[in-house]
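Since the structure comes first, as structure tokens, the remarks are kept for the end.
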DNA sequence: CATGAATGAGTATTCATTCAT
DNA sequence: CATGAATGAATACTCATTCAT
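Residue numbers (the working numbering), protein chains in the order written: chain A, 1 to 195; chain B, 1001 to 1195; chain C, 2001 to 2195; chain D, 3001 to 3195.
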């Protein structure tokens, strides 16, 4: 009989928001952003259309929140161990982590590449603030290649990232046929030779 | 003002169609497919909205024709010299051709990746019949890697294509900053060592 | 913490209702009726949305109650002294009262004119039962003009009320710039010449 | 068989736009702006909902165009004869014109007062640029009262306009019962005494 | 009595497509 | 062959109202 406490309401809101974001992510990844209607999202989340607007002020806002949430996940994915110096072993671990991350969060990655390929990608990048994150990784990898005496460590870093991008692209596009683990092993062989 | 011959009419039709396709490609690449309206296309092609339907039965149809046209271009891009055996020199040439193709047809590639990343990519692939094309190249590359004693030539082929995909992605996404030529040189260095 | 008596409960209810009506009036006057949401009203009254429905069955009902309450206030504003005969002095007092009433209840008047100008004004008038009130005043004023030998006392009564309407309109629309007191003085000069 | 000429299209557009504006004005005046849907307007104009957007980019835009059109009409209504000095006869004529204008354009005036009483009236006034128009009239009237030795010509001008406002209000609110002509006659008697 | 999450009918707006001329 | 006015289905979003707690 007693009204719900603030904590109860907060929990409900939290959970509901999460559910909506999950539903949206899945649908965005599967159908594309434009082709996913608020109705679709509501249906998938088993709620009414209107309720979404209790949690997000617009589709745009929902998209932004999803991106924010994605960023947070990215930090989970990538969190480096801190000293910023990769040993050969850590490089191997890094590659494995990356690939494992691709495999475990396919919807997220599909969503990210969807965003990137879209017209307003530049703005998205800003919103994503991916650079902050990337630049850290970038330096780590570049340093690694320098230390390992790669001929053109700068370009090698570009190539390395390019290859990872290619892997994601291929994997999200065709997770069943793409031999991601074999490719990963090749990559490790190439890049993780002991000093 | 002699009446036009049938051939002349056909030519006019063909040209007009081409113009519409070009307008569409450019807009699709710049704004995305969904965000490009028939009105936009008409305006860009300097014709009326209604006239488009004289050449294409629907937006869907226009899209399909564009894809077909793209396929044809792809054949132009990739046309191998026939014997299906790549020498080291030809491999180098192939990579250079590829990259040059990326640079010269950025709209096409943007469009292609847009299609691929989209929901119905599987169907698109079918429409694209990319496999036919790809499989030829695929074999050539695989054979090359075998001949050049790469450890796991099958996976190396995958990795190679993956890397090319990554290059396109990075290039179309940021043509100004991405050091595509440096990356290309690295690739050549890696893959085109003389036997 | 003695349990509350019935009377106390009734009083609380009454007060709460009053608060809601006040919040609604202020918002209606400021933002218009349609553009004021139940949420707005709840927020302004520091209660929850749902609670309003404990006091009013609908927005429509709330509006009607507000109108009723307005009527009561009107009676306060206008309460004539009973004999229905205005002396010159009382006429002056009446005008002054009116204007003072406009100034002190600007929200109420804004709200009233909002209602009147709206589509369903005729119905509103019925709800307002303004006529009852007005007819009393009407007769008093008409009698006054007759006694004071105005040429066409009937039309003069219309004109007089018309002018008061005009004053309210101008005042509520632009309380800062409209020289209501000067206009009032002119009115008094015109209508309150001693017999 | 020939396609329509530009002139034909232009005429169609012109006419259609006018029809939509007329439909909108009538409905806005009758039902209020908020309570009039685009659907309503379309139905009244015997066209489809979508077509309105071929002529007006939004409801807001339609409203603004209506206001613009209203301004133009106002200039028709009020256009003074130029020298800016009113003779007694002209003052009489002016009052008669005003009242006649009220009677002939009841929807326009209802619409105007609707706008004025609404929250965003201040902005509307700006859009209306009524002041430009009003200030001209204002000076003419003020000059007239000065020349005719009214005691406080400034306030008298306010009162005069106030009365006209009151007349419109009463008339649009109840065109059948309000004795506008009697009131007009009284006004003329009061203000148009020969010097 | 009190809360705010939840619903769904209603509204503005977009855009592929049709069609009279 | 060519035009752009016209249509209507689809979609984002609002808000009064209900209801479990």
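Glycine included, C-beta positions come from ideal geometry on N, C-alpha and C.
For residue 3153 of chain D and residue 2149 of chain C, what's the separation of their Cα atoms in angstroms? A direct Cα-to-Cα measurement between residue 3153 of chain D and residue 2149 of chain C gives close to 26 Å.
Out of B/1156, B/1063, B/1092 and B/1086, which one is the CA nearest neighbour of residue 1111 of chain B? The residue with the shortest Cα to Cα distance from residue 1111 of chain B is B/1063.
Ordered along the chain, which non-local residues of its own chain (more than five positions away) have a Cβ less than 7 Å from that of residue 2107 of chain C? Cβ neighbours of residue 2107 of chain C within its own chain (closer than 7 Å, five residues either side excluded): 2025, 2026 and 2029.
In chain order, what residues of the same chain have a beta carbon less than 6 Å from the beta carbon of residue 200 of chain A, not counting five sequence neighbours either side? It is not possible to answer for residue 200 of chain A, since the shown part of chain A is limited to 1 through 195.
Just to confirm, are residue 67 of chain A and residue 184 of chain A a CB contact at a threshold of 8 Å? Against a cut-off of 8 Å, the Cβ pair of residue 184 of chain A and residue 67 of chain A comes out as no contact.
Cβ pair residue 3020 of chain D, residue 3033 of chain D closer than 8 Å: In this structure, residue 3033 of chain D does not lie closer than 8 Å to residue 3020 of chain D by Cβ.
Comparing the C-beta of residue 2032 of chain C with each C-beta of chain D, is any distance below 8 Å? In terms of beta-carbon proximity, residue 2032 of chain C lines the interface with chain D, with at least one pair separated by less than 8 Å.
Using 8 Å as the threshold, is the segment 164 to 181 of chain A in touch with the segment 1002 to 1017 of chain B, meaning 3 or more CB pairs across them? Short answer: they don't touch.
For the candidate residues B/1073, B/1023, B/1038 and B/1048, whose alpha-carbon lies nearest to that of residue 1058 of chain B? For residue 1058 of chain B, the closest C-alpha among the options B/1073, B/1023, B/1038 and B/1048 is that of B/1038.
With residue 50 of chain A and residue 1163 of chain B assumed to form a contact (beta carbons below 8 Å), what rounded beta-carbon distance in angstroms separates them? With 8 Å as the limit, residue 50 of chain A and residue 1163 of chain B do not qualify as a contact, their Cβ atoms being about 48 Å apart.
Cross-chain neighbours of residue 109 of chain A in chain B, by beta carbon under 7 Å: Neighbours of residue 109 of chain A on chain B: none; closest Cβ ~11 Å, over 7 Å.
Taking residue 2158 of chain C and residue 3182 of chain D to be in contact with their CB atoms under 8 Å, please state how far apart those CB atoms are, rounded to whole angstroms. Between residue 3182 of chain D and residue 2158 of chain C the Cβ distance is about 7 Å, and since that is below 8 Å, they are a contact.
Return the chain-ordered list of same chain residues with a C-beta closer than 6 Å to the C-beta of residue 156 of chain A, the five sequence neighbours on each side being excluded. Counting only Cβ-Cβ distances below 6 Å, and skipping sequence neighbours, we find 145 and 150.
Alpha-carbon spacing of residue 2035 of chain C relative to residue 74 of chain A, whole angstroms: Each residue's alpha carbon lies about 42 Å from the other.
Per-residue contacts from residue 182 of chain A into chain B (C-beta, under 8 Å): Per Cβ cutoff of 8 Å: 1152, 1154, 1155 and 1158.
Just the C-alpha distance for residue 102 of chain A and residue 109 of chain A, rounded to the nearest angstrom, thanks. Rounded to whole angstroms, residue 102 of chain A to residue 109 of chain A spans 7 Å at the Cα level.
Between the beta-carbon of residue 3093 of chain D and the beta-carbon of residue 3172 of chain D, is there less than 8 Å? No, they are not a contact pair.
Under 8 Å between C-beta atoms, does residue 1176 of chain B make it to chain A? Contacts with chain A at 8 Å (Cβ-Cβ) do not include residue 1176 of chain B.
For the alpha helix (DSSP H) containing residue 3239 of chain D, list its first residue and its last residue. For chain D, the structure presents residues 3001 to 3195; residue 3239 of chain D sits outside this window and is missing.
Anticipated Cβ contact below 8 Å, residue 1091 of chain B with residue 1192 of chain B, distance rounded: Yes, residue 1091 of chain B and residue 1192 of chain B are in contact; Cβ-Cβ is about 5 Å, under 8 Å.
Cβ neighbour criterion (16 or more within 10 Å) applied to residue 1195 of chain B: Exposed, by the Cβ-count rule.
With 8 Å as the limit, tell me which residues of the segment 89 to 108 of chain A have their beta carbon closer than that to any beta carbon of chain B; keep them in chain order. Cβ contacts with chain B: none found.
Roughly how many angstroms lie between the CA atoms of residue 2135 of chain C and residue 2161 of chain C, to the nearest whole one? Rounded to the nearest whole angstrom, the C-alpha separation of residue 2135 of chain C and residue 2161 of chain C is 12 Å.
Between the beta-carbon of residue 2017 of chain C and the beta-carbon of residue 2053 of chain C, is there less than 8 Å? No; because the gap between Cβ atoms is not below 8 Å, this pair is not in contact.
Under the rule that 16 or more other beta-carbon atoms within 10 Å means buried, what is residue 2009 of chain C, buried or exposed? By the 10 Å Cβ count, residue 2009 of chain C comes out exposed.
Complete alpha helix (DSSP H) runs within the segment 136 to 174 of chain A (minimum length 4 residues, chain order): Runs found: 153 to 173.
For a cutoff of 8 Å on Cβ pairs, would you count residue 173 of chain A as touching chain B? It does: the Cβ of residue 173 of chain A has a partner Cβ on chain B nearer than 8 Å.
Whole-angstrom distance between residue 7 of chain A and residue 1 of chain A, CA atom to CA atom: Caution applies to residue 1 of chain A, whose pLDDT of 46 falls short of 50 and renders its modelled position unreliable; the value that the coordinates give is listed next. Distance between the alpha carbons of residue 1 of chain A and residue 7 of chain A is about 16 Å.
Could you spell out the range, first to last residue, of the alpha helix (DSSP H) harbouring residue 185 of chain A? From DSSP, the alpha helix (DSSP H) with residue 185 of chain A extends over 180 to 191.
Compare the C-beta of residue 1 of chain A against all C-beta atoms of chain B and say whether one is closer than 8 Å. Note that residue 1 of chain A scores a pLDDT of 46, beneath 50, so its modelled location is shaky; the value from the coordinates is reported in the next line. Output row for residue 1 of chain A: interface = no.
Is it buried or exposed, residue 72 of chain A, if we count other Cβ atoms within 10 angstroms and call 16 or more buried? With fewer than 16 other Cβ atoms within 10 Å, it is exposed.
For residue 1113 of chain B, return the contacting residues in chain A, with the cut-off set at a CB-CB distance below 7 Å. 117, listed in chain order.
So if I threshold CB-CB distances at 8 Å, which residues from the segment 2033 to 2046 of chain C count as touching chain D? For the segment 2033 to 2046 of chain C, residues whose beta-carbon sits nearer than 8 Å to a beta-carbon of chain D comprise 2034 and 2035.
Going by beta carbon distance, what residues of the same chain come within less than 8 Å of residue 1084 of chain B, once the five residues before and after it are set aside? Residues 1136, 1139, 1140 and 1143 of the same chain have their beta carbon placed closer than 8 Å to that of residue 1084 of chain B, with the five preceding and five following residues left out of the count.
Chain B beta carbons: is any one of them nearer than 8 Å to that of residue 4 of chain A? Using beta-carbon distances, residue 4 of chain A does not count as an interface residue toward chain B, since no partner is under 8 Å.
Spatially closest choice to residue 115 of chain A from A/70, A/190 and A/186, by CA coordinates: Nearest of A/70, A/190 and A/186 to residue 115 of chain A, Cα basis: A/70.
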